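J.: Sharing a structure below in C-alpha cells format, with a few things to ask.
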Ligand code: FCB
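Residue numbers (our numbering): 81 to 576.
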C-alpha cells in the first residue's frame, strides 16, 4: 500500500534507488489526463446497462474479522519496534476483531440488506491447517455453514468468492521461513486442494492470493508487517514465490473442484486480487522515471507474469529474476483489482544514493484540493478509470475486488462509491470488461498495523463500547442499495 517506508534500512533503500534509477521505462500508468466533474457524477445513472450477471458485493478477510486466530500476525502484534512503538499503532490486536467466527450470521444479514449477490470472504489457512498436513474438520464445517447460508440468502443467493491467502501464515509455515521457504508454494497448493475438496461443491469463484505486491512492500521493504524485513532482494524473491504459489494453487483448485455449483458451465473461476495504484510524477523527468519504475514494479510484474508465463523482476545491482513459469499462463479466469488511491511522486534519488532514505516521497496534488480519507489516502476516482483502461489490454474480465476508504464518520463513503462506480461505468463505456464491484469492506475490522483506527465498513462497529459488536449501517448502505436496485437485486427505492 505504501512504497516509501519508515525505518528503512539505508543499504536496502540504496539498492532500491539504484534499481529504480536503472529500471527501463514502463508503458505508463494510464496517463490519459482526465478530471471528473462532480456535477457529471451527480447526474450519472449508476451501473446503467450492466449485464444482470454483474457481481455486486463486499469483501472482508478472515483474519481481519473472525477473531480467535493464531498465526504469524498474532505474534507480530505482540512486538515492538526498537524505539518502543508497538507494531500495531493503537496497540490493539485481532484477538476478537469483529468476532465473525461466532457472529457470521449478522454478516450474512448485512449482505442481504445490501442486496449483494457476491461476498468475498477468506478462509484462514492457520485455522484449517494448524499443523502441517493436519485438517480441522470442525472449523471446515463451520465455514461450510457460512457458505451454505450465503447460498440460501434472501431475497437471492449470495455467491461466495473464497479467498485463500490474505497476508497471514500458519506458524508452522512462518517457522520454516514463510514465503522464503522453498516448500511454501507446494504447501499452499496442498491447502488449496483440501479447500477445494472441502468447499468446492459450494464455491466456484476462487481468489488464490490477496495483494502479493502489498505483502512484499509491507513485509519485505518497509518492515511494517511480518516478517518485518527491509531487503528488496528478498522481497523480489518472495514476489516470485507468491506467483509460483498462485500457479500451483490454481492448478490444484482446477483438479480438485469439479462441481459447477452455480450451473454456469464452469466449476472454477479463478483469479487473484491485485493491488493497483497510480504513480504520477510531481514534475520533471526524474520524477517521471521514478514514477514509471514504481508503476512497473508494483502494478505490472504480476499481470505480465500471468500473461506471458514468465516472471521478470529486475532490481539492477540487487537482483534480477527471470524465470519461466508456464504454469501461470491460463491461471486467470479474471483479474481482481484492489484500488484505493494514487501516489504523486517527488524523486529523492540523491537522498537514496547517500543512504538517507527512500528514493521518493509522496506529495499532495499541486492544487492541494483533493479530499483524503481518514488514513490520509487521496480520494482519486479518476485513478480507477485510468488503471482499468491500462489493465484492459490483458483481455481478462476484471472484477474490482476491493475499493473503499477509511471514513469513521461515514459521511464521505456515499460520494466515494458514486464516484468510483462512475469511473467503472466510464471504463465500461470504453469497452473495458468490468464484471464486478466489491466494496471494501462489509464491516469495520482490524486494519493491520493501524488496528481499529481505520474504519472501512459499510456497517460500523463500536469495538470498545458495544459488547454485542452490532453491525450498524452507515449512510453508504443506502447508496449501495441503489446499486442493487439497478441490478434488480432489490426493489427500486421509493421516489423522493
Ligand atoms: C487492502 C487490503 C485489505 C485492507 C484494505 C484497506 O490493501 O487487502 O486487507 O487492509 O487494504
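Note that the Cβ used here is the ideal one computed from N, Cα and C, for glycine as well. All values reported here derive from a predicted model rather than from experimental measurement.
Of all the options 465, 521, 571, which has the alpha carbon lying nearest to the alpha carbon of residue 502?
T.: Position 422 of the chain shown holds residue 502. Comparing Cα-Cα distances from residue 502 to each of 465, 521, 571, the minimum goes to 465.
J.: I'd like to confirm the pairing. Which residues does DSSP put opposite residue 351 in its beta bridges?
T.: Residue numbering aside, residue 351 sits at position 271 when the chain shown is read from its first letter. DSSP lists 287 as partners of residue 351.
J.: Going by CA-CA distance only, name the one from 174, 157, 175, 571 that's closest to residue 167.
T.: By 1-based counting over the chain shown, the position of residue 167 is 87. Checking every option, the nearest Cα to that of residue 167 belongs to 157.
J.: Tell me which residue opens and which closes the alpha helix (DSSP H) that residue 184 is part of.
T.: Along the chain shown, one-based indexing puts residue 184 at 104. From DSSP, the alpha helix (DSSP H) with residue 184 extends over 180-194.
J.: Taking C-alpha atoms, which residue in 386, 321, 314 lies nearest to residue 398?
T.: For the purposes of this step, residue 398 is taken as the residue at position 318 of the chain shown. The shortest Cα separation from residue 398 among 386, 321, 314 belongs to 314.
J.: Could you round the C-beta distance between residue 238 and residue 498 to whole angstroms and report it? I think they count as a contact, below 8 angstroms.
T.: One-based indexing of the chain shown puts residue 238 at position 158. One-based indexing of the chain shown puts residue 498 at position 418. Contact doesn't hold; Cβ gap of about 23 angstroms is too wide.
J.: Alpha carbon to alpha carbon, how far is residue 152 from residue 259?
T.: If you number the chain shown from 1, residue 152 lands on position 72. If you number the chain shown from 1, residue 259 lands on position 179. Each residue's Cα considered, the two are about 12 angstroms apart.
J.: On the DSSP bridge assignment, give the partners of residue 156 in chain order.
T.: Translated into the one-based positions of the chain shown, residue 156 becomes position 76. For residue 156, which the question treats as bridged, DSSP gives no partner whatsoever.
J.: Using the Cα positions of residue 420 and residue 564, report the straight-line distance between them to the nearest angstrom.
T.: Working through the chain shown from its first residue, we reach residue 420 at position 340. Working through the chain shown from its first residue, we reach residue 564 at position 484. Their Cα atoms are separated by approximately 22 angstroms.
J.: CA-CA distance, residue 404 and residue 467?
T.: For the purposes of this step, residue 404 is taken as the residue at position 324 of the chain shown. For the purposes of this step, residue 467 is taken as the residue at position 387 of the chain shown. About 27 angstroms.
J.: Measuring CB atoms only, is the region 406-423 touching the region 342-352, in the sense that at least three cross pairs come out at less than 8 angstroms?
T.: With a cut-off of 8 angstroms, the region 342-352 and the region 406-423 count as touching, because enough Cβ pairs lie within range.
J.: For the putative contact between residue 486 and residue 536, defined by C-beta atoms under 8 angstroms, what is the C-beta separation to the nearest angstrom?
T.: The residue given as residue 486 occupies position 406 in the chain shown. The residue given as residue 536 occupies position 456 in the chain shown. Correct: roughly 6 angstroms between the Cβ atoms.
J.: DSSP state of residue 260, grouped into three classes?
T.: In the chain shown, the residue the question calls residue 260 occupies position 180. Residue 260: helix per DSSP, three-state reduction.
J.: In the structure shown, what three-state DSSP assignment does residue 520 receive?
T.: Within the chain shown, residue 520 is the residue found at index 440, counting from 1. The answer is strand: DSSP assigns residue 520 an E or B state.
J.: Measuring CA to CA, which of 538, 524, 539 is closest to residue 532?
T.: By 1-based counting over the chain shown, the position of residue 532 is 452. Measuring from the Cα of residue 532, the nearest candidate turns out to be 524.
J.: Kindly indicate which residue of 293, 542, 339, 163 has the alpha-carbon position closest to the one of residue 277.
T.: Taking the first residue of the chain shown as position 1, residue 277 is located at position 197. Per the Cα distances, 339.
J.: By a C-beta neighbour count over all protein chains shown, 10 Å radius and 16 as the cutoff for buried, is residue 170 buried or exposed?
T.: Within the chain shown, the letter at position 90 stands for residue 170. Its Cβ having fewer than 16 others within 10 Å, residue 170 is exposed.
J.: Does DSSP put residue 392 in a helix, a strand or coil?
T.: Against the chain shown, residue 392 aligns to sequence position 312. Strand at residue 392.
J.: Starting from residue 419 and walking both ways along the beta strand (DSSP E), at which residues does that stretch end?
T.: Against the chain shown, residue 419 aligns to sequence position 339. From DSSP, the beta strand (DSSP E) with residue 419 extends over 415-427.
J.: When DSSP labels each residue in this structure, what does residue 440 get in the three-state scheme?
T.: The sequence position of residue 440 within the chain shown is 360, counting from 1. Three-state DSSP puts residue 440 in a strand.
J.: What do you reckon, is the C-beta of residue 293 under 7 angstroms from a heavy atom of ligand 1?
T.: The residue you call residue 293 lines up with position 213 of the chain shown. Checking every heavy atom of ligand 1 against the Cβ of residue 293, none is found closer than 7 angstroms.
J.: Just checking my contact of residue 116 with residue 462 at CB under 8 angstroms: how many whole Å lie between their CB atoms?
T.: Mapped onto the chain shown, residue 116 falls at position 36. Mapped onto the chain shown, residue 462 falls at position 382. With 8 angstroms as the limit, residue 116 and residue 462 qualify as a contact, their Cβ atoms being about 6 angstroms apart.
J.: Any chance the region 312-330 sits against the region 256-271, with 3 or more Cβ pairs inside 8 angstroms?
T.: Contact between the region 312-330 and the region 256-271 is present, because at least three Cβ pairs lie under 8 angstroms.
J.: Who does residue 48 pair with in a DSSP beta bridge?
T.: The shown model of the chain, from 81 to 576, leaves out residue 48, and the question about it has no answer.
J.: Taking only three categories from DSSP, how would you classify residue 382?
T.: Locating residue 382 in the chain shown gives position 302, counting from the first residue. Helix at residue 382.
J.: Once you ignore the five residues that flank residue 476 on each side, which residues in its own chain have a CB closer than 6 angstroms to its CB?
T.: Mapped onto the chain shown, residue 476 falls at position 396. Once the five neighbours on either side are set aside, the close Cβ partners of residue 476 are 412, 414, 415.
J.: Are the beta-carbon atoms belonging to residue 424 and residue 442 less than 8 angstroms from one another?
T.: Residue numbering aside, residue 424 sits at position 344 when the chain shown is read from its first letter. Residue numbering aside, residue 442 sits at position 362 when the chain shown is read from its first letter. Yes.
J.: Kindly indicate which residue of 406, 377, 359 has the alpha-carbon position closest to the one of residue 325.
T.: Counting from 1 along the chain shown, the entry for residue 325 is found at position 245. Checked all of 406, 377, 359; the closest Cα to residue 325 is 406.
J.: Looking at the secondary structure, which residues open and close the beta strand (DSSP E) in which residue 470 lies?
T.: Along the chain shown, read from residue 1 onward, the residue named residue 470 stands at position 390. First-last for residue 470: 461-471, but that is the alpha helix (DSSP H), not the beta strand (DSSP E).
J.: Quick one: using the 10 Å Cβ neighbour count with 16 as the cut-off for buried, is residue 94 buried or exposed?
T.: Here residue 94 corresponds to residue number 14 of the chain shown, with the count starting at 1. Note that residue 94 has pLDDT 37, beneath the 50 cutoff, so the model's placement of it is unreliable and no number is given.
J.: Alpha carbon to alpha carbon, what distance is there between residue 371 and residue 119?
T.: Counting from one through the chain shown, the residue named residue 119 turns up at place 39. Counting from one through the chain shown, the residue named residue 371 turns up at place 291. When rounded, the distance between both Cα atoms is 31 angstroms.
J.: Between which two residues does the beta strand (DSSP E) carrying residue 138 extend?
T.: Along the chain shown, read from residue 1 onward, the residue named residue 138 stands at position 58. Residue 138 -> beta strand (DSSP E) spans 135-139.
J.: Beta carbon of residue 194, beta carbon of residue 492: below 8 angstroms?
T.: The residue labelled residue 194 in the question sits at position 114 within the chain shown. The residue labelled residue 492 in the question sits at position 412 within the chain shown. Not in contact: residue 194 and residue 492 (Cβ atoms no closer than 8 angstroms).
J.: Measure the Cβ-Cβ separation of residue 521 and residue 140 and say whether it is below 8 angstroms.
T.: By one-based count along the chain shown, residue 521 stands at place 441. By one-based count along the chain shown, residue 140 stands at place 60. In contact: residue 521 and residue 140 (Cβ atoms closer than 8 angstroms).
J.: When DSSP labels each residue in this structure, what does residue 106 get in the three-state scheme?
T.: One-based indexing of the chain shown puts residue 106 at position 26. Residue confidence for residue 106 is low, a pLDDT of 31 falling below 50, so the modelled location carries little weight and cannot support an answer.
J.: Are the CB atoms of residue 321 and residue 265 within a distance shorter than 8 angstroms?
T.: If you number the chain shown from 1, residue 265 lands on position 185. If you number the chain shown from 1, residue 321 lands on position 241. Contact flag set, yes.
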